[in-house]
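Q: Using my numbering, the first residue of the sequence shown is number 2, and each one after it goes up by one. For glycine and all other residues, C-beta sits at the position ideal for the given N, C-alpha and C. Below you'll find the structure I mean.
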Amino acid sequence: MASKEEVLEVLKTIFDPEIPVNIVDLGLIYGLEIDSNNDVTIHMTLTSVGCPLHLTIQRDIEEKIKTISGVNEVRLDLVWDPPWTPARMSPEAKAQMGFVEIPPEQQVQS
């Protein structure tokens, strides 16, 4: 039976074609389940509703997850709530993208 850890490792090899960060660190994966039939359901979002390459990302996910030993079916549950924001990115992804977090005590108050 496939494990969630295996699925996440494979998902980390998939990138949004427009952003050089994998979809896990980008914060697009909201959750995943593996049922008793070894069917994998992935709850995810995209960076925008109109993402022009969503079919490419979905195809990559389905193809790569099916390469995991024992995986039967792959289902993608595309969700929009909560909406994706850069705050969902991992610290590594933020650093890679050049996002700098300013501590509250250093923020300019208006």
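Give me the DSSP bridge partner(s) of Ile43.
A: Taking the sequence shown and counting its residues from 1, one reaches residue 43 at position 42. Its beta-bridge partners are Leu33, Leu77.
Q: Starting from Thr57, trace the alpha helix (DSSP H) in both directions and tell me its first and last residue.
A: As a position in the sequence shown, residue 57 is number 56, starting the count at 1. That run of the alpha helix (DSSP H) goes 55-66.
Q: Hey, out of Ser49, Pro92, Thr48, Thr42, whose CA is closest to Ile62's CA?
A: For the purposes of this step, residue 62 is identified with residue 61 of the sequence shown, where counting begins at 1. Ranking the options by Cα distance to Ile62, first place goes to Thr42.
Q: Between which two residues does the alpha helix (DSSP H) containing Pro92 stretch?
A: Taking the sequence shown and counting its residues from 1, the one referred to as residue 92 is at position 91. Segment 92-98, the alpha helix (DSSP H) holding Pro92.
Q: Can you name, in chain order, every residue of its own chain whose Cβ lies under 7 Å from the Cβ of Arg89, other than the five neighbours on each side?
A: Your numbering for residue 89 matches position 88 in the sequence shown. Once the five neighbours on either side are set aside, the close Cβ partners of Arg89 are Gly28.
Q: Is the beta carbon of Glu7 closer than 7 Å to that of Ile69?
A: If you number the sequence shown from 1, residue 69 lands on position 68. If you number the sequence shown from 1, residue 7 lands on position 6. Cβ atoms of Ile69 and Glu7: closer than 7 Å.
Q: Tell me whether Asp17 is buried or exposed, calling it buried when 16 or more other Cβ atoms sit within 10 Å of its Cβ.
A: Start at 1 with the first residue of the sequence shown, and residue 17 comes out as number 16. It is buried - the Cβ of Asp17 has at least 16 other Cβ atoms within 10 Å.
Q: Looking only at its own chain, which residues have a Cβ that is under 7 Å from the Cβ of Asn38, when we skip the five neighbours before and after it?
A: Counting from one through the sequence shown, the residue named residue 38 turns up at place 37. Closer than 7 Å at Cβ, skipping near neighbours: Asn73.
Q: Exposed or buried, which one is Val101 when buried takes at least 16 other CB atoms within 10 Å?
A: For the purposes of this step, residue 101 is identified with residue 100 of the sequence shown, where counting begins at 1. The residue in question, Val101, is exposed, as its Cβ has fewer than 16 Cβ neighbours within 10 Å.
Q: Expressed to the nearest angstrom, what Euclidean distance is found between the alpha-carbon atoms of Met98 and Gly71?
A: Within the sequence shown, residue 98 is the residue found at index 97, counting from 1. Within the sequence shown, residue 71 is the residue found at index 70, counting from 1. Answer to the nearest angstrom: the Cα atoms are 35 Å apart.
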